[in-house]
Amino acid sequence: MKPISNPQNPFSPEVRERLEPPAPVTPDIYEETVKTVLSHNTSPDLPFRWSVNPYRGCFHACAYCYARPTHEYWGFGSGTDFESKLVVKVNAPAKLQESLFKRSWQGELIVFSGNTDPYQPLEATYKLTRSCLQVCAEFHNPVGLISKSALIVRDIDVLQELRHKAWVRVFLSIPFASDDIARKVEPQAPSITKRFETLEQLSKAGISTAVSIAPVIPGLNEHDIPQILSRARDAGAQHAAYILLRLNDNVEQVFIERMTHHFPDRIQKILAHLKEVRGGQVGDRTFFKRHVGEGKTWNVIEQLFDTASRKYGFQDIPDTPIPATFRRPGPTQLSLWEL
C-alpha cells in the first residue's frame with residue numbers, strides 16, 4: 001500500500017508536519033444523505049448542463065484526476081484522501097426521482113458523472129448508478145456515461161432500456177495503449193485490455209459507444225492515439241474524443257510527485273512538453289482553452305488524432321441529435337421510490 005500523501009488543503013488554516021513516516025493508506029467509507037443530487041454545470045465549454053455524481057472521491061486513484069480538489073471542500077486532502085476517503089450518497093436515486101418529478105425539469109441530458117467515476121468499485125455493492133439509471137429510464141430521460149470501469153456491463157439491460165425509451169451514450173476513458181503504463185498512472189482502475197473488452201461488449205449490445213482519450217499527456221501518451229483509435233474502432237466504438245491534461249490547483253503537485261516516482265527518466269520531458277502546449281504554464285483555467293493546447297507540439301497532436309480518426313472511419317459516422325423523449329410517469333404507473 002502507498003503511504004498517505006496529501007497536498008496542503010487551501011481551505012484549512014492548519015499545517016500538518018509529520019514527525020515520523022506516514023502510515024499506509026486504508027480506505028474509509030462515509031455514507032451521506034444529500035438534499036439534491038442533480039448538479040448544475042454553468043461552464044460554457046462543456047456540452048451538458050446537468051450531471052449526477054453518486055460518489056465523492058474515486059478509488060481508481062488516477063494521478064491526473066481533475067476532480068481531486070473537490071475533495072478539499074469537505075475537509076479531506078486531494079492526494080491519497082481522494083482515493084481512500086470515499087463518500088456515498090445513499091439516497092441519490094430517490095433524490096433524482098424527486099428532481100425529475102418537478103415541473104421545472106424539462107428532460108435535458110444527464111451525464112454520469114461530471115466528477116468521479118460512477119462505476120468505481122463501490123458501485124458493485126451500493127448499485128446507486130444502476131438505480132439512478134433506472135430512474136432515468138422510468139422518465140425516458142437521455143443519459144450520457146463516462147467511465148473506466150468494466151462494471152458497467154452489469155447494467156447492459158438498463159442501458160438497452162434507455163436506448164429504447166430515450167437516448168444513451170457511453171464514453172470509455174482509454175488514454176493509454178499499454179496496460180503497464182496505465183497501471184502506473186491509473187493504479188486502481190481496470191486494465192486497458194479490460195476496457196477495450198468492455199467497449200466491445202457494450203457495442204455488441206447495441207449501445208452507442210465512444211472512446212475518450214483523456215487526458216492526452218504530451219511526452220507520454222500522444223503516440224498512443226492511433227493505436228487507441230484503431231482498437232476502439234475494432235471494438236465497435238462509433239465516436240472518439242480527446243482532451244489535454246489539466247493540472248488545476250493541487251492536482252499539479254499530486255501528478256508531478258507520482259509521475260516523478262514512476263517515470264523519473266521522462267518527467268522533465270513531460271513537463272517541458274506540457275509547458276510548451278500551455279504557453280509556458282502547466283495549467284490553464286480559461287474556458288475554451290483549458291481542454292486544448294497551442295503551438296507546434298499541440299498542432300502535431302491534433303493532426304495525429306484527425307488523421308487516425310479519418311483512417312479508422314470515425315469521421316464518417318454521422319452524429320444524431322439527442323431526441324426529446326422525456327415524460328413523467330402517469331399516476332397509474334408504479335414509481336421506484338416513495339417521495
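Once you know that position 324 of the sequence shown is 324 in full-length UniProt numbering, the rest is easy, because the numbers rise by one and skip nothing. Yeah, the Cβ is synthetic: ideal placement off N, Cα and C, and Gly gets one too.
Would a C-beta distance cut-off of 8 Å place Arg266 and Gly219 closer than the cut-off? Translated into positions along the sequence shown, residue 266 becomes position 266. Translated into positions along the sequence shown, residue 219 becomes position 219. Against a cut-off of 8 Å, the Cβ pair of Gly219 and Arg266 comes out as a contact.
Can you tell me the Cα-Cα spacing of Asp316 and Asp81, whole angstroms?
-> Position 316 of the sequence shown, counted from the first residue, corresponds to residue 316. Position 81 of the sequence shown, counted from the first residue, corresponds to residue 81. The alpha-carbon atoms of Asp316 and Asp81 are separated by roughly 44 Å.
**At least 3 beta-carbon pairs within less than 8 Å: the stretch 100–111 vs the stretch 290–304** = no
- request: Express the C-alpha separation of Ser230 and Ala308 in angstroms, rounding to a whole number.
  value: Taking the first residue of the sequence shown as position 1, residue 308 is located at position 308. Taking the first residue of the sequence shown as position 1, residue 230 is located at position 230. One C-alpha to the other measures close to 8 Å.
**Message:** Could you tell me the alpha carbon to alpha carbon distance between Met259 and Val25, rounded to whole angstroms?
**Reply:** Looking up residue 259 in the sequence shown gives position 259. Looking up residue 25 in the sequence shown gives position 25. Taking the straight line joining both Cα atoms gives about 19 Å.
Practice problem: Within 10 angstroms of the Cβ of Tyr64, are there 16 or more other Cβ atoms? Answer buried if so, exposed if not. | Solution: For the purposes of this step, residue 64 is taken as residue 64 along the sequence shown, with counting starting at 1. By the neighbour-count rule (16 or more Cβ atoms within 10 Å), Tyr64 is buried.
task: Would you mind reading off the limits of the alpha helix (DSSP H) that contains residue 350?
output: Since the first and last residues shown for the chain are 1 and 339, residue 350 lies out of range.
message: Considering just the uninterrupted stretch of the beta strand (DSSP E) at Ser147, what are its terminal residues?
response: As a first step, residue 147 must be located in the sequence shown, where it is residue number 147. 143–147 is the span of the beta strand (DSSP E), which, as asked, contains Ser147.
Count the other CB atoms within 10 Å of the CB of Ser335; is the residue buried (16 or more) or exposed (fewer)?
By 1-based counting over the sequence shown, the position of residue 335 is 335. Model confidence at Ser335 stands at a pLDDT of 49, short of 50, so the residue's coordinates are unreliable and nothing is read from them.
inquiry  = Taking the beta carbon of Ser147 as the centre, do at least 16 other beta carbons fall within 10 Å, making it buried, or is it exposed?
reply    = The residue you call residue 147 lines up with position 147 of the sequence shown. For Ser147, the number of other beta carbons within 10 angstroms of its own is at least 16, and it is reported as buried.
Give the single residue among Gly206, Glu252, Asp179 whose Cα lies nearest to the Cα of Phe196. In the sequence shown, the residue the question calls residue 196 occupies position 196. When only C-alpha atoms are compared, the closest one is Asp179.
Note to self: Within a Cβ cutoff of 7 Å, which residues of the same chain sit near His140, ignoring the five residues on either side of it in sequence?
What the structure shows: Taking the sequence shown and counting its residues from 1, one reaches residue 140 at position 140. Hits under 7 Å: Lys165, Ala166, Thr325, Phe326, Arg327.
* To do: Name the one or two DSSP bridge partners that Lys85 has.
  => The residue labelled residue 85 in the question sits at position 85 within the sequence shown. In the DSSP output, where bridge partners are listed per residue, Lys85 has Asp28.
What do you get for Arg169, buried or exposed, if any count of 16 or more other CB atoms within 10 angstroms of its CB means buried? Residue numbering aside, residue 169 sits at position 169 when the sequence shown is read from its first letter. With 16 or more Cβ atoms within 10 Å of its Cβ, Arg169 is classed as buried.
Got a sec? Which residues, its chain only, sit under 7 Å from Lys204 by beta carbon, not counting five neighbours each side?
-> Within the sequence shown, residue 204 is the residue found at index 204, counting from 1. Once the five neighbours on either side are set aside, the close Cβ partners of Lys204 are Gly236.
With DSSP collapsed to three states, give me the class of Phe171.
Mapped onto the sequence shown, residue 171 falls at position 171. Correct three-state label for Phe171: strand.
Quick check on DSSP: helix, strand or coil for Ala137?
Mapped onto the sequence shown, residue 137 falls at position 137. It is helical.
Roughly how far, in whole angstroms, is the beta-carbon of Pro121 from the beta-carbon of Phe59, given that I think they are within contact range, below 8 Å? The residue labelled residue 121 in the question sits at position 121 within the sequence shown. The residue labelled residue 59 in the question sits at position 59 within the sequence shown. Between Phe59 and Pro121 the Cβ distance is about 5 Å, and since that is below 8 Å, they are a contact.
How should His71 be labelled, buried or exposed, when 16 other C-beta atoms within 10 angstroms of its C-beta is the threshold for buried?
-> On the sequence shown, position 71 is the one that residue 71 refers to. Per the 10 Å Cβ criterion, buried.
| request: For Ile156, I'd like the list of residues in its chain whose CB is within less than 6 Å of its CB, leaving aside the five on either flank, ordered along the chain. | output: To locate residue 156, count along the sequence shown from 1; it is residue 156. Same-chain partners within the cutoff: Ala205.
Taking the straight line between their C-alpha atoms, what separation do you get for Pro321 and Ala210?
One-based indexing of the sequence shown puts residue 321 at position 321. One-based indexing of the sequence shown puts residue 210 at position 210. When rounded, the distance between both Cα atoms is 15 Å.
ask   = What is the DSSP secondary structure of Leu46, reduced to helix, strand or coil?
value = The residue labelled residue 46 in the question sits at position 46 within the sequence shown. DSSP places Leu46 in coil when its eight states are reduced to three.
Which residue marks the beginning of the alpha helix (DSSP H) containing Val277, and which one marks its end? Taking the sequence shown and counting its residues from 1, one reaches residue 277 at position 277. Looking at the DSSP string, the run of the alpha helix (DSSP H) that includes Val277 is 267–277.
- Drop a sphere of 10 angstroms on the beta-carbon of Gly330, count the other beta-carbons inside from all chains shown, and report buried for 16 or more, exposed for fewer. Position 330 of the sequence shown holds residue 330. Gly330 comes out exposed.
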